[in-house]
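The structure under discussion appears below in the form of structure tokens.
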Amino acid sequence: MSSSSDSSSSASADENADRDPGSGSPESIEVRFSSVALTEPDAEFPDLAAEHQEVENGVDYASAGESDRQLIEGNDEEELVIAAEEEIQSNSGEAEVSEGLARGGVVLGRTISELDVEEPSSPSSSGYAGERGSSGASSGGGSGIDEVGDDEIQEVRSDAVDGVLDSGATWAPGKRHPDEDDASVSWRKRKKHFFILSHSGKPIYSRYGDEHKLAGFSATLQAIISFVENGGDRVKLVRAGKHQVVFLVKGPIYLVCISCTEEPYESLRGQLELMYGQMILILTKSVNRCFEKNPKFDMTPLLGGTDIVFSSLVHLFSWNPATFLHAYTCLPLAFATRQAAGAILQDVADSGVLFAILMCKHKEDTYLMLLTTNSDAFYHLKDCRMCIEKVLLKSNVLSEVQRSTLEGGMHVEDLPVDPLPRSGSLSRWGHAKLPTDSPERFRETCDCVGGPAGLWHFMYRSIFLDQYVSSEFSAPISSRGQQKRLYRAYQKLYASMHDGGIGPHKTQFRRDENYVLLCWVTQDFELYAAFDPLADKALAIKTCNRVCQWVKDVENEIFLLGASPFSW
Amino acid sequence: MGLSSAATTMAEGLQLCVFDLRRGQQEGQELDKILFFFPADLPFSTQLSVIGLSEGLITFTRIFSPEAACEVIEAERHSHVFYEAEPDIWMVMVVEKSKESEAIWRVDALRKVLMEVHSLFTMFNGSIRALLEKEPGGELVRSHLYPFVMDYLCDFLAGKKLLLPSFRDCLKERGTVQMLTVGREAAIEVQSLARVIESCTGNAPCYSMILFQDLLVSTTLSPDDTMNLFTYAVLRLTPRALSSGVSSWSYLRKGTAPHVATASMLSHYRTISEQFYASRDISSAVDNGNRVTRPLRHNKWSKGKDGFLVTDIWGMEAGSSVASTPTVLLRQSEDRMYLCPHQHKNLTIVFLVPVSSMPNGEQGVSVMKQQFLENAALKILKVEEKLSKGWGGENAYHVSGYRYLLVDGDRNVSRASPPGKVATLTKESFLALNKLREEVDLDKSRAQWDNAGHEKELEVSIRAKNNAWVIARVTRGKELYMALEKANETLLYASNAIEKFSDNRPMEEDNGKNEDEEFNTGPLSVLMMSVKNNTQLIDPHVLIDPHVLIIDVIHSNGVLFRIDLELEAKSSISLLLFAASFFPSIIDVIHSEGLVLINCRNNKKLLGRVRAFDRHCNIVLENVREMWTEVPKTGKGKKKAQPVNKDRFISKMFLRGDSVIIVLRNPK
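One line per chain: the protein sequences are R and A, in this order.
Each number in my numbering comes from the position in the first sequence (counting from 1) with 344 added on.
Each number in my numbering comes from the position in the second sequence (counting from 1) with 53 added on.
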């Protein structure tokens, strides 16, 4: 949970950092470490603790405060940080309930931030740990690695070489193929490489292969970047056949992605930004200072054991639309239920808690995240947790949440045929006792066609709320490969609509061998819809209008209204 | 003033180099790699760093992508565009980006510039590699490349800057031929002219290319050679190129606007470049006995009294005052050919005779020219007259409301809205379209790597911020791009607009023409036409003349059909003028007495055998089964009856073509 702690501290630290660096920042770092330590898996604990120590030694406290301020200054950086966190939380079907408290508090924040993790179920229970990505470092270690229950197909799955190498073909977080280096053919054929290196060419992270063995390769990357820099320029992209090499320079840190996926440049660059944000979350910006002092500073030990974080993040780039939509998604809940949950969290808000978020995943697991504004309040948090736990158990919030996770989100098959407002809004979450089995059966009958007019899938992003809702995958896109391809298509569509220089465009219709894609951007929302490639244009447009109407009808159930704790 | 200042102002915008990776492998010999560098007065260290970076990235990208090395580097301020002209010989263009000066490029368009200069160079001088092998020191190739590329670049000079194709040129396609659509009568005249020209050379194989203004009318060359020669003709030979002194890279280029203003700069620049390589020139010429020709020099062609265009670029015939005849290399056969251009008013005829077939050199050529004049003069007059009459003027291919570009990648043919009309688009529309073209370029190149042979099908319509629609449609190797401003908001409107555009058969301005021309010159229904040697496809018994006109049609549903149009030499009108893409060739249908299903406008279907048909789709059918559905009449208040299938048999019928909607072969 280090990510949350950092992002909030960045959000809050700026005001007080310079006024009160001595008392605020050091404590915050200390406390943060202790919190990380609290949830650290045993196996890695001693190791990491040592490294944290090193950070503490390497960075003087005042500078830590300053670095926090830097983080907030670049507003986009912060947003990416949070985005990174968000997408991780809400990945692949995982839903979350979030409720922000004391929004003003976030803005006015004081120096210290803290968070606590509640894990009602046993930590080893399921595969979520790895998928949670950023939190994987703190709690996921053991359980994430051995657990492959999610059957995530590996990024390079379709590559022939990999098909052989990874006959298991299941996705598990953590570094794979650590034995490879740039001389191995298999390594060269990986579809998507990510590298982080320092400005002196020292490798910091590589998605595939062992960092130390890749030192020579890193030096090459560094040489390219600095060569162009010497000419007074900055290299952004190199293209060769199907391959793209994307460069991102962040102070002393260089990030490079080499990919032969069809993702557009803008998306890949966004992914590098997220990687950087993730790294800064773990190490804080004070690493820049380390490089100032010693350009040859070797950062790899600092990131030891965090492979799992990055690999999860990289995995999400293919599986979570939040990574390119810059929005998060909510667990569909009846308005009343969500309000009840909000009220519960609100209760603790007065007692110094700055920020609380309730999330859930699968049936049993619910997380509560609390942030405070004050170091003393940290100890108070535990009380809050107990208190909330009690109330939650008493109320029906948890059971509602469970029901919703079981049912999933919006199904294109359920798109109300009748466009009259509200007539079709016997929404499945609204009026409690809608028999859940009847739509299920209906769905099975029209199995292979998707929704009306060949509608296969849609995503709706509310611009004011920074939230999106994505329909469940319908039958025509049932396989993992198809789903990933759809996300890629959306990603491309997004990039094409939001071109920096001339965008955003208003409407786009795109037909190729795989889909008819329709995108509609207004001031209030963005709609992305995928249809059968043979779908009729006029019908498709009508259907899109109906989808928008539908979403608006059930808005208060699928979105978290009123509170927008993340302002990005 | 002077060399350095002029060169540096230009250097800010552009660097262009040609280098050979096989040379200069040893430390300290790096300079040996450089075959050409513009601007030439840049310090060697800078030149080497550009080449070093390029070479480094070529090597680097090959690690991951051995099949396709580096194509482009995008940096914050520059784009480096790569083109591997010949194995291990690379051309790299570095252009500076700048939003203010509208320096926004499409990489593919820039690469096309590199391709063009290289193919032109090869056409006149042979491949770079061959020149290097001839003289391993490299001086020979350098002395050829420098003046050639500099002359070529002069064409882009506008004011003090080189104007490369930018986003405003996104409705143009370099490296394609623009064709004139001609009426059938005229086409036949052109055919017979081409034949007359061939006969002038006796037995030697001879090729000809006929242009009307800057548009291609007919060619007997292979597509590649047609491309090169067409480009050269438009650059230097056509009436417009001759009169303005400054060429346009195609008829698409904006009228005559900025040329006067640039003239002084141009001449100034030219003197600089001349000074520069004059010194080199002499030394190398002396050393190697190889004279450097500069086929792209301006104002060097002039029209002689006999109508032939002459130039002294290739020097004077030894011992006489007659200029030597220029020669070019054909790409496919690698034959060296004499290049003889002849011009009558708007008509330019270029014909090529193999050097080998002229044992007595220049003498033979002048004899042949004489023969040409005797035999073809009348025909030329006639053809020119006919084409001028049918020519709709600069805006002949304008379709009101649309700004479009059509490219047939297979045959390197394109057609676009007239530049004057395109220029009315707003910057936003240009940018949006340019961006869309970039996306399509990427998609295309990926599809090419993914599965060779499988062609990309794509349709994209975008409503941009300024409410213009920009549209791209790729079908079977044909690309259609357009921008619609002042268009309605709904997507359906936009797609209807495309349909209408594609459907648009008899255009307004054609009303007055005779129907032959209507058929062939409806500007968009019949889009592209080229004369091809197509004998291998056609049954030789039926076909008397091996020349077959191929016309492509964009049909209402966006599919491009190909119509094979056979021209018979003697009877001026041939029987067969109609086919659709489902007929691999017309002959098939006739020979197999093919069963066809015809959808008629009265909503009835005809299933029968074709006896005969003509270009109006009038069809004589035998053993026809006519099929339709009827709704039986019902009394008042009763429920509507179900439709009933009906059919009847007709042993022989004549179907008037205007009722035909679709013809399907062999319906199962």
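By construction, the Cβ of each residue, glycine as well, lies at the ideal position given by its N, Cα and C atoms.
Being a predicted model, the structure only gives us computed values, none of them experimental.
Under 7 Å by beta carbon: chain A residues contacting residue i
i: V579 (chain R); result: I126, A128
i: R520 (chain R); result: Per Cβ cutoff of 7 Å: no residues; R520 (chain R) is ~18 Å from chain A at best.
i: I626 (chain R); result: Simply none; closest approach about 28 Å.
i: H587 (chain R); result: T114, F117, S118
i: T564 (chain R); result: F113
Residue i: contacting residues in chain A (beta-carbon distance under 8 Å)
i: Q852 (chain R); result: V513, S514, I515, R516
i: P602 (chain R); result: The question names Pro, but residue 602 (chain R) in the sequence shown is Ile. The contacting residues are F117.
Chain-ordered neighbours of residue i on chain R, where CB pairs are closer than 7 Å
i: K488 (chain A); result: D843, I846
i: R499 (chain A); result: K586, E606
i: E510 (chain A); result: D856, E857
i: E538 (chain A); result: The premise fails here: E538 (chain A) is roughly 14 Å from chain R at the closest Cβ pair, so nothing lies under 7 Å.
i: H131 (chain A); result: D577
i: E492 (chain A); result: S840
Where residue i meets chain A, residues with beta-carbon distance less than 9 Å
i: K881 (chain R); result: L544, L545, S548
i: F571 (chain R); result: S102, G105, L106, G109
i: H849 (chain R); result: A485, I515, R516, A517, K518, V523
Proximity below 8 Å, CB of residue i to CB of residue j
i: Q826 (chain R); j: M841 (chain R); result: no
i: L669 (chain R); j: Y812 (chain R); result: yes
i: T36 (chain A); j: L392 (chain A); result: Look at the range of chain A in this structure, 54 to 721, and you will see that residue 36 (chain A) is not part of it.
i: K881 (chain R); j: E606 (chain R); result: no
i: T749 (chain R); j: F113 (chain A); result: no
i: L883 (chain R); j: A797 (chain R); result: yes
i: L618 (chain R); j: L657 (chain R); result: yes
i: W143 (chain A); j: F220 (chain A); result: no
i: M421 (chain A); j: P407 (chain A); result: no
i: D856 (chain R); j: G794 (chain R); result: no
i: S107 (chain A); j: H133 (chain A); result: yes
Rounded distance between the beta-carbons of residue j and residue i, thought under 8 Å
i: S798 (chain A); j: E538 (chain A); result: Shown here, chain A extends from 54 to 721; a query on residue 798 (chain A) therefore has no answer.
i: S261 (chain A); j: F404 (chain A); result: 4 Å
i: Y834 (chain R); j: Y872 (chain R); result: 5 Å
i: I885 (chain R); j: A517 (chain A); result: Wrong, their Cβ atoms sit about 18 Å apart, outside the cutoff.
i: K557 (chain R); j: E127 (chain A); result: K557 (chain R) to E127 (chain A), Cβ: 30 Å. No contact.
i: I263 (chain A); j: L400 (chain A); result: 7 Å
i: R678 (chain A); j: F702 (chain A); result: 6 Å
Where residue i meets chain R, residues with beta-carbon distance less than 8 Å
i: C123 (chain A); result: V582, R583, A584
i: W444 (chain A); result: What W444 (chain A) touches in chain R: nothing, since even the nearest Cβ is about 37 Å away.
i: I116 (chain A); result: D526, R532
i: E481 (chain A); result: I846
Contact list for residue i against chain R, beta-carbon separation under 9 Å
i: I87 (chain A); result: The contacting residues do not exist; I87 (chain A) stays about 17 Å from chain R at best.
i: Q80 (chain A); result: Correcting the residue type first, residue 80 (chain A) is Glu in the shown sequence and not Gln. Result: empty, since nearest Cβ-Cβ is about 17 Å, beyond 9 Å.
query = Do the segment 199-209 of chain A and the segment 95-103 of chain A meet, that is, are 3 or more Cβ pairs less than 8 Å apart?
reply = In this structure the segment 199-209 of chain A does not touch the segment 95-103 of chain A; the number of beta carbon pairs closer than 8 Å is below three.
request  = Could you name each continuous beta strand (DSSP E) segment of 3 residues or more that falls completely within the segment 175-235 of chain A, going from the start of the chain to the end?
outcome  = none
request  = Please confirm if the segment 274-282 of chain A is in contact with the segment 250-259 of chain A, defined as three or more CB-CB distances below 8 Å between the two stretches.
outcome  = no
key: beta strand (DSSP E) runs wholly inside the segment 453-482 of chain A, at least 3 long, in chain order   = 456-461, 466-469
task = Would you check if there are 3 or more beta carbon pairs closer than 8 Å linking the segment 540-555 of chain R to the segment 625-643 of chain R?
result = In short, these stretches touch, since the Cβ pair count reaches three.
key: Inside the segment 395-440 of chain A only - beta strand (DSSP E) runs reaching at least 3 residues   = 400-407
ask   = At a cut of 8 Å, does the segment 217-226 of chain A reach the segment 450-460 of chain A through at least three beta carbon pairs?
value = yes
The segment 647-659 of chain A contacting the segment 696-712 of chain A, beta-carbon criterion three pairs below 8 Å = yes
key: Those runs of the beta strand (DSSP E) which lie wholly inside the segment 543-614 of chain R and span at least 3 residues   = 547-550, 579-584, 587-594, 597-603
task = Examine the Cβ distances between the segment 607-619 of chain R and the segment 138-146 of chain A and report whether three or more of them are shorter than 8 Å.
result = With contact defined as three or more Cβ pairs closer than 8 Å, the segment 607-619 of chain R and the segment 138-146 of chain A are not in contact.
ask   = Taking three-plus beta-carbon pairs below 8 Å as touching, is the segment 149-165 of chain A in contact with the segment 478-493 of chain A?
value = yes
inquiry  = Runs of 3 residues minimum, wholly inside the segment 796-875 of chain R: which ones carry the beta strand (DSSP E) assignment?
reply    = You should have 799-806, 811-814, 851-855, 860-865, 869-875.
query = Would you call the segment 724-739 of chain R and the segment 674-689 of chain R in contact, with 3 or more CB pairs under 8 Å?
reply = The segment 724-739 of chain R vs the segment 674-689 of chain R: in contact.
message = Any contact between the segment 239-248 of chain A and the segment 428-444 of chain A? By contact I mean 3 or more CB pairs, one from each, below 8 Å.
response = At 8 Å Cβ cutoff, the stretches touch.
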